[in-house]
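A.B. asks: The structure under discussion is supplied below as structure tokens; questions concerning it will follow.
Numbering (the numbering used here), first residue to last: 3 to 632.
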């Protein structure tokens, strides 16, 4: 009975969202209509939320009469895995995606004043997008399908790889980032429909855009961390196609957030900002298509159904084409009448936005080209790390050089470059010295790595001098920008050093024997066999001792899950400030020895720390009223 009620409420919500969109688009906006749109949307969201809440209850109580729950959950799972199993596969994750999209709209509807000239229309645009996704859910990906007449007693269980606490937080956080850009997109479309260039839609969406960017950044960071410790390969980024379709909206969103600041402060780049708002949300939708269409093979893929893919492709095409047609029609009205002054802060942001655009295009090419090649020649190829490294390293390097130049630049004022100023000279000398020390100690001969290390330290040093300057002359400096860009410098250093200093070795070792690797001595103590509620495990106890006398025990596992018979590798990691000692255990060989893989990963945690520092800067910007007025 509960599943039928949940299904009915979803259908009811679909109808109300459709009414909200119809009122906004087809009826002249008056105070009464505006209030009606707002109330209709709120009621639609309430029904959708109730429906999803009932669905969570069904999963939590092991209602295996629901096909989706029976296929992706198990009665022996802890409660938090039962709930998170909802978004472990296609239908449930799509349900969550739509709920989050509606949630963003509900918050926007609640906090934005009814007097705002484009609020009602923006809510209506968002309502129609939600309707499109709800129809996709109900018609092609129905999560409410039941099993008759007799449901299975225990359920098929969740994918063992997903039985991890990260499942609880990573997908929801990532989805909040993806769909959060529906707010600036809807506002941009509403602005274009109204055609009134005096409407300051950029200021209206700034906080919402930054918040969506924060969620997307945290989601990607959590996914990177999860892949690192769960999959057993020891990396944090594989350039998997689905990873790439998360990276593309992040790159575009980063450019969009910077472009917003220009449009707000100086009324310039409005055309570019509008175009970016369309691009970011379009890339989020493109990611949904890639993941759910089945056109690629990936550990992150949800579905392999041409019907779903065709629906999504058609729906996304309608959204993008409609947006671009509106953009072209209104182009003449939204053009900035004033030119950007050379070497102003606006000009540097514009240049770096172009670099971001090139990076987005490059990643898009890496995702699309193998698909086109397979279609034309019936051969599978892959585009891996060498391609992306060759593209990213020089572009990021050049973009960061412009960032360094922009530190002294002013809003709407021509910048006179002074390369012999004391802060620039001292920052450069310090950065060169530190970089030389790393090159000398670790024999780093990669030119791009050396330059990225240098530019990372240069960014940090320049901002340290800027902080000192602001304190000494009591001049205001935006602390959020400083923190974010210093985190960027730290990120460049961490990624660069991790790529050249990290190492690994696969060894065969018997119980009561020891092996040496780098400054480590590994002693194989024992093999333990254990059993949990839904798996049995083989665990290796390996005592690791460093040359300075420190020792610690690492216990990597191999697990076999009962329900699916699937075998997984569980890593053992000893984390310190500068490096991780990372171990996995393989198969037992004919001579009785075991394959043990050991990795030494330098500064890997600083990569995630840098990303979280950027998020902290964004949060400070949102929740603090003070703004830079340079």
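The beta carbon of each residue, even a glycine, is placed where N, CA and C say it ideally should be.
Tell me, which residues are paired with residue 404 by DSSP?
C.D. replies: The count along the chain shown starts at 1 and reaches residue 404 at position 402. In DSSP, residue 404 forms no bridge with anything.
A.B. asks: Can you tell me whether residue 59 is buried or exposed, with buried defined as 16 or more other CB within 10 angstroms of its CB?
C.D. replies: Taking the first residue of the chain shown as position 1, residue 59 is located at position 57. By the beta-carbon neighbour count (other beta carbons within 10 angstroms, threshold 16), residue 59 is exposed.
A.B. asks: I'd like the span of the beta strand (DSSP E) that includes residue 560, first residue to last.
C.D. replies: If you number the chain shown from 1, residue 560 lands on position 558. Counting along the chain, the beta strand (DSSP E) containing residue 560 begins and ends at 559-563.
A.B. asks: Below 8 Å between beta carbons: does that hold for residue 462 and residue 431?
C.D. replies: Here residue 462 is taken as the residue at index 460 of the chain shown, counted from 1. Here residue 431 is taken as the residue at index 429 of the chain shown, counted from 1. Contact: no.
A.B. asks: Under a Cβ-count criterion, where at least 16 other Cβ atoms within 10 Å of its own Cβ denotes burial, should residue 15 be classed as buried or exposed?
C.D. replies: Here residue 15 refers to the residue found at position 13 of the chain shown. Buried: at least 16 other Cβ atoms inside 10 Å.
A.B. asks: Within 10 angstroms of its Cβ, does residue 631 collect 16 or more other Cβ (buried), or is it exposed?
C.D. replies: Along the chain shown, one-based indexing puts residue 631 at 629. The predicted position of residue 631 is uncertain, since its pLDDT is 39 and thus under 50; a value taken from the coordinates is nonetheless stated next. With fewer than 16 Cβ atoms within 10 Å of its Cβ, residue 631 is classed as exposed.
A.B. asks: State yes or no: is the C-beta of residue 536 within less than 8 Å of the C-beta of residue 605?
C.D. replies: Here residue 536 is taken as the residue at index 534 of the chain shown, counted from 1. Here residue 605 is taken as the residue at index 603 of the chain shown, counted from 1. It is not a contact, given that the beta carbons lie outside the stated cut-off.
A.B. asks: Of the choices 29, 105, 124 and 162, whose alpha-carbon is the least far from that of residue 75?
C.D. replies: Start at 1 with the first residue of the chain shown, and residue 75 comes out as number 73. When only C-alpha atoms are compared, the closest one is 162.
A.B. asks: Classify residue 594 as helix, strand or coil using the three-state DSSP reduction.
C.D. replies: Taking the first residue of the chain shown as position 1, residue 594 is located at position 592. Reduced to three states, the DSSP call for residue 594 is coil.
A.B. asks: Please list, in chain order, all residues of the same chain as residue 285 whose beta carbon is under 8 Å from its beta carbon, the five residues on each side excluded.
C.D. replies: As a working note, residue 285 is residue 283 in the chain shown. Excluding sequence positions up to five before and after residue 285, its CB lies within less than 8 Å of the CB of 247, 250, 251, 254 and 362, all in the same chain and listed in chain order.
A.B. asks: Restricting to Cα atoms, I'd like to know which of 543, 511, 545 and 491 is closest to residue 609.
C.D. replies: Within the chain shown, residue 609 is the residue found at index 607, counting from 1. Cα-wise, what sits closest to residue 609 is 491.
A.B. asks: Can you give me the C-alpha to C-alpha distance between residue 265 and residue 139, rounded to a whole angstrom?
C.D. replies: Counting from one through the chain shown, the residue named residue 265 turns up at place 263. Counting from one through the chain shown, the residue named residue 139 turns up at place 137. It is roughly 37 Å from the alpha-carbon of residue 265 to the alpha-carbon of residue 139.
A.B. asks: Find the nearest neighbour of residue 54 within the set 360, 112, 100 and 170, judged by alpha-carbon distance.
C.D. replies: To locate residue 54, count along the chain shown from 1; it is residue 52. Answer by Cα proximity: 100.
A.B. asks: Within 8 Å of any Cβ in chain C, is that where the Cβ of residue 42 sits?
C.D. replies: Structure shown: chain C not included; a single protein chain is present.
A.B. asks: Classify residue 534: buried if its beta carbon has 16 or more other beta carbons within 10 angstroms, exposed otherwise.
C.D. replies: The residue you call residue 534 lines up with position 532 of the chain shown. Its Cβ having fewer than 16 others within 10 Å, residue 534 is exposed.
A.B. asks: Using the Cβ count rule (16 or more neighbours within 10 Å means buried), how would you classify residue 626?
C.D. replies: Residue 626 sits at position 624 when you count from the first residue of the chain shown. Exposed: under 16 other Cβ atoms inside 10 Å.
A.B. asks: In this structure, how does DSSP classify residue 527 when only helix, strand and coil are distinguished?
C.D. replies: Position 525 of the chain shown, counted from the first residue, corresponds to residue 527. The answer is strand: DSSP assigns residue 527 an E or B state.
A.B. asks: Using 8 Å as the threshold, is the C-beta distance between residue 175 and residue 217 below it?
C.D. replies: For the purposes of this step, residue 175 is taken as residue 173 along the chain shown, with counting starting at 1. For the purposes of this step, residue 217 is taken as residue 215 along the chain shown, with counting starting at 1. Taking 8 Å as the Cβ cut-off, residue 175 and residue 217 qualify as a contacting pair.
A.B. asks: In chain order, what residues of the same chain lie with their CB nearer than 8 Å to the CB of residue 628, ignoring the 5 residues before and after it?
C.D. replies: Residue numbering aside, residue 628 sits at position 626 when the chain shown is read from its first letter. Summary for residue 628: the model assigns pLDDT 44, below 50, so the residue's position carries little reliability, and this model does not support an answer.
A.B. asks: Could you name the residues of the same chain whose beta carbon sits closer than 7 Å to that of residue 85, not counting the 5 residues immediately before and after it, in chain order?
C.D. replies: For the purposes of this step, residue 85 is taken as the residue at position 83 of the chain shown. Within the same chain, residue 85 has close Cβ partners 58, 61 and 62.
A.B. asks: With distances taken from CA atoms, which of 129, 588 and 89 is nearest residue 104?
C.D. replies: The sequence position of residue 104 within the chain shown is 102, counting from 1. Out of 129, 588 and 89, 129 has the C-alpha closest to the C-alpha of residue 104.
A.B. asks: I need the straight-line Cα distance from residue 214 to residue 318, nearest angstrom please.
C.D. replies: Against the chain shown, residue 214 aligns to sequence position 212. Against the chain shown, residue 318 aligns to sequence position 316. When rounded, the distance between both Cα atoms is 20 Å.
A.B. asks: Quick check on the burial criterion: 16 or more other C-beta atoms within 10 angstroms. Buried or exposed for residue 245?
C.D. replies: Within the chain shown, numbered from 1, the residue matching residue 245 stands at position 243. By the 16-neighbour rule on beta-carbons within 10 angstroms, residue 245 is buried.
A.B. asks: Just how far apart, CA to CA, sit residue 45 and residue 11?
C.D. replies: Taking the first residue of the chain shown as position 1, residue 45 is located at position 43. Taking the first residue of the chain shown as position 1, residue 11 is located at position 9. Near 11 Å, if we compare the C-alpha coordinates of residue 11 and residue 45.
A.B. asks: Would you mind reading off the limits of the beta strand (DSSP E) that contains residue 547?
C.D. replies: Along the chain shown, read from residue 1 onward, the residue named residue 547 stands at position 545. Segment 537-548, the beta strand (DSSP E) holding residue 547.
A.B. asks: Let's see if you can read the secondary structure: which residues bound the alpha helix (DSSP H) around residue 607?
C.D. replies: Here residue 607 refers to the residue found at position 605 of the chain shown. Taken as a continuous stretch (DSSP letters only), the alpha helix (DSSP H) holding residue 607 covers 606-625.
A.B. asks: How many whole angstroms separate the CB atoms of residue 540 and residue 529, which I take to be in contact at a CB cut-off of 8 Å?
C.D. replies: Along the chain shown, one-based indexing puts residue 540 at 538. Along the chain shown, one-based indexing puts residue 529 at 527. Indeed they touch by this definition, with Cβ atoms about 6 Å apart.
A.B. asks: Out of 24, 83 and 220, point me to the one whose CA is closest to residue 621's CA.
C.D. replies: Taking the chain shown and counting its residues from 1, the one referred to as residue 621 is at position 619. Here the closest residue by C-alpha is 220.
A.B. asks: Who are residue 603's beta bridge partners in DSSP?
C.D. replies: Start at 1 with the first residue of the chain shown, and residue 603 comes out as number 601. In DSSP, residue 603 forms a bridge with 582.
A.B. asks: Can you give me the C-alpha to C-alpha distance between residue 545 and residue 592, rounded to a whole angstrom?
C.D. replies: What you label residue 545 is simply residue 543 of the chain shown in a count that begins at 1. What you label residue 592 is simply residue 590 of the chain shown in a count that begins at 1. The alpha-carbon atoms of residue 545 and residue 592 are separated by roughly 23 Å.
A.B. asks: State the beta-bridge partners of residue 323 as determined by DSSP.
C.D. replies: As a position in the chain shown, residue 323 is number 321, starting the count at 1. DSSP, once it has assigned bridges, lists no residue as partnering residue 323.
A.B. asks: Could you check whether residue 239 and residue 346 sit closer than 8 Å to each other, using their CB atoms as the reference points?
C.D. replies: Along the chain shown, read from residue 1 onward, the residue named residue 346 stands at position 344. Along the chain shown, read from residue 1 onward, the residue named residue 239 stands at position 237. Result no, Cβ atoms of residue 346 and residue 239 do not sit closer than 8 Å.
A.B. asks: Can you tell me whether residue 385 is helix, strand or coil according to DSSP?
C.D. replies: Here residue 385 refers to the residue found at position 383 of the chain shown. In this structure, residue 385 counts as coil in the three-state DSSP scheme.
A.B. asks: Can residue 236 and residue 584 be called in contact, C-beta distance under 8 Å?
C.D. replies: Your numbering for residue 236 matches position 234 in the chain shown. Your numbering for residue 584 matches position 582 in the chain shown. It is a contact, given that the beta carbons lie within the stated cut-off.
A.B. asks: For residue 505, which option in 454, 460 and 581 has the closest C-alpha, if you only look at C-alpha atoms?
C.D. replies: As a working note, residue 505 is residue 503 in the chain shown. That would be 581, whose Cα lies nearest to the Cα of residue 505.
A.B. asks: Would you please state the rounded distance, in angstroms, between the beta carbons of residue 228 and residue 159? I believe it to be under 8 Å.
C.D. replies: The residue you call residue 228 lines up with position 226 of the chain shown. The residue you call residue 159 lines up with position 157 of the chain shown. Not confirmed; about 19 Å, so no contact.
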